[in-house]
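Participant: The numbering of the sequence shown is this note's numbering, which starts it at 2 and goes up by one. Virtual Cβ for every residue (Gly too), placed ideally from N, Cα, C. Being a predicted model, the structure only gives us computed values, none of them experimental. Okay, handing you the structure first.
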Amino acid sequence: NVNYLYYVDDKGNTKPLLDKDNKPMKENVAGVLYGDQKDIIPKQIPGYTIKQIIIDGVKQPGTDKATVGYSDKDQNVSFIYERKQGNPINVNYLYYVDDKGNTKPLLDKDNKPMTENVAGVLYGDQKDIIPKSIPGYTIKQIIIDGVKQPGTDKATVGYSDKKQNVDLIYAKNQNPNNPSTNNPDTNKVKAADVTVHYKDEFGNIISSDQILSGYVGDNYTTEAKNIFGYTLKTRPDNATGFFSTFPQDVTYIYTKTSTNNIPNINEPNTPNNPSKTPKENNRKVKNEKENKKGKKKKAFKPTANNNLPQKQGSSSTAKNQKTAALPQTGTDKHSSLVMLALGSLTLVGALGAAWFSRKKIK
């Protein structure tokens with residue numbers, strides 16, 4: 002007694018295969034003679050593959066034939082098959098770009114054409130592929146292997162030993178408030194937002210997010226911020242891209258700036274005169290103000306401080322200050338010499354006049 006069965010699940014449960022009259026497939030083979038053996042070859046059944054042979058409850062090592070010897074009892078041979086699986090189904094998401102039926106692929110969140118591969122269905126089964134809901138678009142046509150389908154709610158695909166293609170074609174939604182945009186060539190579809198994040202290398206937020214909005218297919222560009230105390234470390238690969246129907250995230254990574262070069266505001270020296278303390282500089286400024294007002298000049302005498310660094314040029318500065326504070330003796334001396342010379346000439350003239358006057362009398 003030969004039975005043709007097939008596995009209905011991965012637990013080993015079986016059901017009989019059906020013949021053309023929808024009756025279980027089986028046959029009776031006459032018993033062999035004593036000492037002889039009978040080879041029973043499994044039938045080739047479309048859509049099925051032989052997976053196991055069992056003779057009287059004993060699994061056989063091969064699947065090419067069942068070898069049966071003489072027995073004085075009825076013997077049972079079970080040929081167990083497995084349903085074949087069809088090739089994968091390629092699903093494409095497209096949209097009409099004009100009224101002539103030309104299409105372009107819709108883009109996913111990575112700005113790549115929206116496609117998916119669905120595992121092929123088992124022989125005798127069918128697969129229902131439901132079109133996705135895409136913001137701004139409405140499903141208008143389903144085509145399976147080049148054949149337009151009557152409905153748009155689902156694509157029903159059966160077994161095939163060849164690769165199958167399903168095209169789900171959408172149309173852009175019309176805008177009743179702006180009829181000029183209802184032309185398929187110019188109609189714009191609102192895209193999902195692009196969110197720009199600014200974080201440090203530990204994932205902490207260091208600046209507020211930026212939200213970019215646009216239309217599907219349009220280009221977007223993001224920029225790094227100048228953030229005090231931080232330096233840009235990583236520029237994201239998707240810093241520029243295209244808006245799509247899926248939300249997108251762009252993240253800039255920063256590292257904290259070193260504080261070694263920040264000036265110490267408590268340093269006693271000042272930028273104007275690093276060799277003097279703030280107190281000395283204040284005294285100098287006070288003297289300069291008094292000199293401008295015409296007050297009595299006082300020589301600036303810096304406070305001795307052996308702990309302060311000596312800068313080149315400090316001696317000259319002190320010397321100049323001292324010179325500026327002393328009286329202008331060179332000018333006074335020059336005036337005295339001029340007066341002495343004039344006095345001498347007057348005296349000589351007077352003596353000469355007296356001498357000539359005396360000689361005339363004699």
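(1) Under 6 Å Cβ to Cβ from residue 232, same chain only, skipping five residues before and after it: list those, please.
(2) What is the C-beta distance between residue 127 and residue 146, in whole angstroms, given that I count them as a contact (C-beta under 8 Å)?
(3) Would you identify the three-state DSSP class for residue 347, choosing helix, strand or coil?
(4) If you follow the beta strand (DSSP E) that residue 169 is in, where does it begin and where does it stop?
(5) At what residues does the beta strand (DSSP E) containing residue 249 begin and finish?
(6) Around the C-beta of residue 132, are 16 or more other C-beta atoms found within 10 angstroms, so that it is buried, or is it exposed?
(7) Compute the Euclidean distance between the alpha carbons of residue 185 and residue 99, then round it to the nearest angstrom.
(8) Determine which residues share a DSSP beta bridge with residue 156 and list them.
(9) If I measure Cβ to Cβ from residue 141 and keep anything under 8 Å in the same chain, skipping five residues before and after, which residues do I get?
(10) Closest to residue 58 by CA distance: which of 209, 51 and 67 is it?
(11) Where in the stretch 50-93 do unbroken runs of the beta strand (DSSP E), each at least 3 residues long, occur, reported from the N-terminal end onward?
(12) I need the DSSP call for residue 121, collapsed to helix, strand or coil.
(13) In chain order, what residues of the same chain have a beta carbon less than 6 Å from the beta carbon of residue 364, not counting five sequence neighbours either side?
(14) Tell me whether residue 45 is buried or exposed, calling it buried when 16 or more other Cβ atoms sit within 10 Å of its Cβ.
(15) With contact counted as at least three CB pairs below 8 Å, one residue from each stretch, are the stretch 41-56 and the stretch 100-113 in contact?
(16) Indicate whether residue 192 and residue 116 have their beta-carbon atoms separated by less than 8 Å.
(17) Of the choices 27, 18 and 345, whose alpha-carbon is the least far from that of residue 47?
(18) Can you give the beta carbon distance from residue 82 to residue 50, rounded, assuming they're within the 8 Å contact cut?
(19) Is residue 364 helix, strand or coil by DSSP?
(20) Determine the contact status of residue 87 and residue 161, defining contact as a CB-CB distance below 8 Å.
(21) If I measure Cβ to Cβ from residue 121 and keep anything under 6 Å in the same chain, skipping five residues before and after, which residues do I get?
(22) So, helix, strand or coil for residue 34, using DSSP?
(23) If we ignore side chains and look at the alpha-carbon of each, how far apart do residue 95 and residue 12 end up?
(24) Per DSSP, residue 4 forms a beta bridge with which residues?
(25) Is the beta carbon of residue 158 sitting closer than 8 Å to the one on residue 130?
(26) As a quick exercise: from 190, 143, 150 and 175, pick the residue whose alpha carbon is nearest that of residue 168.
(27) Can you tell me where the beta strand (DSSP E) with residue 197 in it begins and where it stops?
(28) Which of helix, strand or coil does DSSP assign to residue 108?
(29) Distance, Cα to Cα, residue 137 vs residue 237?
(30) Using CA coordinates, which residue listed in 205, 200 and 219 is at the minimum distance from residue 194?
(31) Which of the three DSSP states is assigned to residue 341 in this structure?
(32) In angstroms with no decimal places, state the Cα-to-Cα distance between residue 230 and residue 221.
Facilitator: Taking the coordinates as given:
(1) Translated into positions along the sequence shown, residue 232 becomes position 231. Within the same chain, residue 232 has close Cβ partners 256 and 258.
(2) Locating residue 127 in the sequence shown gives position 126, counting from the first residue. Locating residue 146 in the sequence shown gives position 145, counting from the first residue. Rounded, the Cβ-Cβ distance is 14 Å, inconsistent with contact.
(3) Position 346 of the sequence shown holds residue 347. Shown here, residue 347 sits in a helix according to DSSP, grouped into three states.
(4) To locate residue 169, count along the sequence shown from 1; it is residue 168. For residue 169, the enclosing beta strand (DSSP E) stretches over residues 165-173.
(5) To locate residue 249, count along the sequence shown from 1; it is residue 248. 249-257 is the span of the beta strand (DSSP E), which, as asked, contains residue 249.
(6) Position 131 of the sequence shown, counting from 1, holds the residue named residue 132. Residue 132 is buried by the Cβ-count criterion.
(7) Here the question's residue 185 lines up with position 184 in the sequence shown. Here the question's residue 99 lines up with position 98 in the sequence shown. Bear in mind that a pLDDT of 46 at residue 185, under 50, signals an unreliable position, so the number given afterwards is only what the model happens to contain. Put simply, the backbone Cα of residue 185 is about 5 Å away from that of residue 99.
(8) Here residue 156 corresponds to residue number 155 of the sequence shown, with the count starting at 1. Bridge partners of residue 156 according to DSSP: 130.
(9) If you number the sequence shown from 1, residue 141 lands on position 140. Only 97, 153, 170, 171 and 172 meet the Cβ criterion.
(10) Numbered from 1 along the sequence shown, position 57 holds the residue referred to as residue 58. Selected option, being the one with the closest Cα: 67.
(11) Segments of the beta strand (DSSP E) lying fully in the stretch 50-93: 67-70 and 78-84.
(12) For this step, residue 121 is matched to residue 120 along the sequence shown. Residue 121 falls in the coil class under three-state DSSP.
(13) The structure shown does not extend to residue 364, since the chain is modelled only from 2 to 363, so the question has no answer here.
(14) Residue mapping note: residue 45 aligns to position 44 of the sequence shown, counting from 1. Classification of residue 45: exposed, given that the 10 Å Cβ count is below 16.
(15) Fewer than three Cβ pairs drawn from the stretch 41-56 and the stretch 100-113 lie within less than 8 Å of each other, which leaves the two stretches out of contact.
(16) Mapped onto the sequence shown, residue 192 falls at position 191. Mapped onto the sequence shown, residue 116 falls at position 115. Against a cut-off of 8 Å, the Cβ pair of residue 116 and residue 192 comes out as no contact.
(17) The count along the sequence shown starts at 1 and reaches residue 47 at position 46. The closest CA to that of residue 47, considering only 27, 18 and 345, is found on 18.
(18) Position 81 of the sequence shown, counted from the start, is the residue given in the question as residue 82. Position 49 of the sequence shown, counted from the start, is the residue given in the question as residue 50. Cβ atoms of residue 82 and residue 50 come within 8 Å of each other, at about 6 Å.
(19) With the chain covering only 2 through 363, there is no way to say anything about residue 364.
(20) Reading the sequence shown from its first residue, position 86 is the one you call residue 87. Reading the sequence shown from its first residue, position 160 is the one you call residue 161. Yes, the Cβ-Cβ distance between residue 87 and residue 161 is below 8 Å.
(21) As a first step, residue 121 must be located in the sequence shown, where it is residue number 120. Closer than 6 Å at the Cβ level, and outside the excluded window around residue 121, lie 86, 87, 88 and 89.
(22) Residue mapping note: residue 34 aligns to position 33 of the sequence shown, counting from 1. Coil.
(23) Sequence index remark: in the sequence shown, residue 95 carries index 94 (1-based). Sequence index remark: in the sequence shown, residue 12 carries index 11 (1-based). Distance between the alpha carbons of residue 95 and residue 12 is about 41 Å.
(24) Counting from one through the sequence shown, the residue named residue 4 turns up at place 3. According to DSSP, residue 4 bridges with 27 and 79.
(25) Numbered from 1 along the sequence shown, position 157 holds the residue referred to as residue 158. Numbered from 1 along the sequence shown, position 129 holds the residue referred to as residue 130. In contact: residue 158 and residue 130 (Cβ atoms closer than 8 Å).
(26) As a position in the sequence shown, residue 168 is number 167, starting the count at 1. The shortest C-alpha to C-alpha distance from residue 168 to any of 190, 143, 150 and 175 is the one to 143.
(27) Taking the sequence shown and counting its residues from 1, one reaches residue 197 at position 196. Start and end: 195-201.
(28) Looking up residue 108 in the sequence shown gives position 107. Under the three-state reduction of DSSP output, residue 108 falls in the strand class.
(29) In the sequence shown, counting from the first residue as 1, residue 137 sits at position 136. In the sequence shown, counting from the first residue as 1, residue 237 sits at position 236. Roughly 28 Å between the two C-alpha positions.
(30) Residue mapping note: residue 194 aligns to position 193 of the sequence shown, counting from 1. Residue 219 is the option with its Cα nearest to residue 194.
(31) Here residue 341 corresponds to residue number 340 of the sequence shown, with the count starting at 1. Looking at residue 341 - three-state DSSP - the assignment turns out to be helix.
(32) By 1-based counting over the sequence shown, the position of residue 230 is 229. By 1-based counting over the sequence shown, the position of residue 221 is 220. Residue 230 and residue 221 have their alpha carbons spaced roughly 28 Å apart.
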